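Asks: Numbering (the numbering used here), first residue to last: 389 to 449.
We put the CB at the ideal spot given by N, CA and C, even for glycine.
For clarity, every value in this text was computed on a predicted model and none was experimentally measured.
Here it is, the structure in full.
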Amino acid sequence: MRAVRDRGLGHGIDSPGTMQQRWTVIGGGPVCILIRLVARAVGAEVDVVEPGTRAGAEGDR
Numbered sequence: 389m390r391a392v393r394d395r396g397l398g399h400g401i402d403s404p405g406t407m408q409q410r411w412t413v414i415g416g417g418p419v420c421i422l423i424r425l426v427a428r429a430v431g432a433e434v435d436v437v438e439p440g441t442r443a444g445a446e447g448d449r
């Protein structure tokens, strides 16, 4: 299980031009749930990717 944090320029209606965080969590289990809770607490978007899927293979590079 691995978590990757990415900062990008937000283009949303609610927060135009602000810095938003996007976290990609690769894997699963109880640690994944904890990371998702922490990410949401800090206002980050969370993507969960299972290893072995196409998105998981691209994230592992």
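Within this structure, are the beta carbons of I414 and V437 separated by less than 8 Å?
Replies: Going by C-beta atoms, I414 is nearer than 8 Å to V437.
Asks: Specify, as a first and last residue, the run of the alpha helix (DSSP H) that V419 falls within.
Replies: Counting along the chain, the alpha helix (DSSP H) containing V419 begins and ends at 418-429.
Asks: Cα separation between R428 and G440?
Replies: So the alpha carbons of these two residues sit roughly 25 Å apart.
Asks: If you follow the beta strand (DSSP E) that E433 is part of, which residue opens it and which one closes it?
Replies: Its beta strand (DSSP E) spans residues 433-437.
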